[in-house]
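Accompanying notes for the structure given below.
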RNA sequence: GGCGGCGUGCCCAAGUGGUUAAGGGGAAGGUCUGCAAAACCUUUAUUCAGCGGUUCGAAUCCGCUCGCCGCCUCCA
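In this note's numbering, the protein residues as written are 95 to 574.
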């Protein structure tokens, strides 16, 4: 069951081809580093994929990268005709040779952050600039079928040819919409102010392609229609994006696509609610604007903890992100890591813990929660309950039961992506640390505890915590 | 003006008509430990923004009030 924006309620997600989900998720425009709010949306898509896979479905997952600069970013029509990518280039001109270079840089950074957050790779990650032919053909077809018309400055979609426009957002009554204040496509030749651009001509635009209407560039909405249909066919099972995309982006995608094919564009729509920081909308001027890099690289936060924090509230409610919520999430992620460590370190000894049924039950409940409109709050609670079962029985853990515990953690990782198997952490001081750990255990054996504690404190100052466990001393990095 | 969401303990948050209001963080006490850390155990909301109504029964449904927030042609 999944909320469907179109019907405004819960609806079973039923792929046209049973057991094979065709899923398109709108990606970012790469004129800047994506922020954590963007990633909340991509995590939602990731969880759809993971849940469908856990149900044994095949998933064809497509998520685009918009690497064409589109409309202007100012509240009023921008006389310079400058788009977001051009504006970014102007601001960071020293760093990039041209808009193409800039787009490539931010697209790479985006994919890098994507991987850090343990997001599933899509089947295809199409880029707008690499699908220009498809877009031009789509526009051409719309013109030929009377759904679009050309003016001296561009090609526009004829809204009056698609009376259903507005069915997704509820913005049906066009008279109620604030008219044209931010309609940057100022063109007296438009038939209706709401007609949106499919193709635009503008000499100043930094990316240009040749088309039947002369040199120009595509409108924002056409890329998703063209790319979704190219890879997934004329009707999608599910289309996702941020709540801001409901109108106008998805509304326009529907109009274009359905006029093109005469078929339903997507049978199901989900939209992730916005994230706010400290109760307020993120904005650079408020100083509460975070990118993955800000948190992970500059502040040394664990990317998996960030992922956990971003899924702590279900996607269909606004999420309030705070540094407190991130540190809470970090504690939970550490718990999963510790749980995995316990299971791994007891693998070689005999054990008698009988946890198989209980863990199966808990996993089943976590999966049920995900199937209930991606209720991540409940799914995470259940996942955590499983670690409790493992820890409670840790003295009797061993052999087969340790293996069962690890399998549980692996299944939770597949479903929720919050307990990846630990990678080897590398630090340059490793040799010195090894020596100190040996020295410290000798001191402990000789009951010279003051000196042993001094070693522990010394490393703690450097962000390394030494812990004595039944299996010997271990170390881990701690947040400074 | 149009469309929509939210208000649950110190913090985050699940729960949308019916036994004791999930879970996490924090705090307090205890077990274990040379000490730490981790883990485990115990405690931490007679109450769900306020008021009124429907009902045998409401955090959950209805109405009003207060407060907060999002979208309405840049945005995930």
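Think of the CB as a built atom: it goes at the ideal place given N, C-alpha and C, for glycine as much as any other residue.
Sixteen is the threshold: when 16 or more other Cβ atoms of the shown chains lie within 10 Å of the Cβ of residue 177, as they do, the residue is buried. The beta carbons of residue 149 and residue 468 sit about 13 Å from each other, so the pair does not count as a contact at 8 Å. The criterion of a C-beta distance shorter than 8 Å is not satisfied by residue 305 and residue 323. One Cα belongs to residue 372, the other to residue 411, and the distance between them is close to 15 Å. One Cα belongs to residue 283, the other to residue 248, and the distance between them is close to 10 Å.
In the structure shown, residue 561 falls within a strand segment according to DSSP collapsed to helix, strand and coil. Secondary-structure assignment with DSSP links residue 431 through no beta bridge to anything. Its Cα nearest to that of residue 120, the residue 339 stands out among 230, 436 and 339. Contact between residue 115 and residue 153 holds: CB atoms are separated by about 5 Å, below the 8 Å threshold. Where residue 152 is concerned, the enclosing beta strand (DSSP E) starts and stops at 152 to 157. Per DSSP, reduced to three states, the secondary structure at residue 449 is coil, with no helix or strand assignment. The Cβ neighbour count for residue 157, taken over all protein chains shown within 10 Å, is at least 16; the residue is labelled buried. Secondary structure of residue 414 (DSSP, three-state): strand. The beta carbon of residue 131 sits closer than 7 Å to those of 368, 369 and 376, all from its chain and outside the five residues before and after it, given in chain order. Along the length of the segment 202 to 246, whole beta strand (DSSP E) runs at least 3 residues long occupy 242 to 245, reported in chain order. Between residue 136 and residue 208 a beta carbon distance of about 7 Å is seen, short of the 8 Å cut, so the two are scored as contacting. Distance from the CA atom of residue 424 to the CA atom of residue 233, rounded to whole angstroms, is 48 Å. Residue 397: member of the alpha helix (DSSP H) spanning 397 to 404, first to last residue. Proximity to residue 346 across 302, 246 and 259 peaks at 259, based on C-alpha coordinates.
Between residue 343 and residue 315 the beta-carbon gap is near 6 Å, inside 8 Å, which marks them as a contact. Each residue's CA atom was taken as its position, placing residue 155 and residue 147 some 11 Å apart.
Residues 460, 463, 464 and 510 of the same chain have their beta carbon placed closer than 7 Å to that of residue 473, with the five preceding and five following residues left out of the count. A Cβ-Cβ distance of about 5 Å is found for the pair residue 399 and residue 427, placing them in contact under the 8 Å criterion.
For residue 125, there is no enclosing beta strand (DSSP E), as DSSP gives it neither H nor E.
DSSP places residue 110 in no alpha helix (DSSP H); its state is neither H nor E.
Remark: C-beta atoms of residue 313 and residue 290 approach each other more closely than 8 Å.
When rounded, the separation of the alpha-carbon atoms in residue 366 and residue 97 is 10 Å. Residue pairing of residue 374 in beta bridges, as defined by DSSP: 371. In this structure, residue 160 keeps its C-beta atom at 8 Å or more from the C-beta atom of residue 112. Within a 10 Å sphere around the beta-carbon of residue 548 sit fewer than 16 other beta-carbons, which makes this residue exposed.
When the Cα atoms are used, residue 317 and residue 513 turn out to be separated by approximately 36 Å. Judged by their CB atoms, residue 558 and residue 527 are nearer to each other than the 8 Å cut-off.
Per the DSSP secondary-structure output, residue 308 pairs in a beta bridge with 305. Annotated as proximal: residue 480 and residue 457, with beta-carbon spacing under 8 Å. Residue 293: member of the beta strand (DSSP E) spanning 291 to 294, first to last residue. The C-beta of residue 403 has 16 or more other C-beta atoms within 10 Å across all chains shown, which makes the residue buried.
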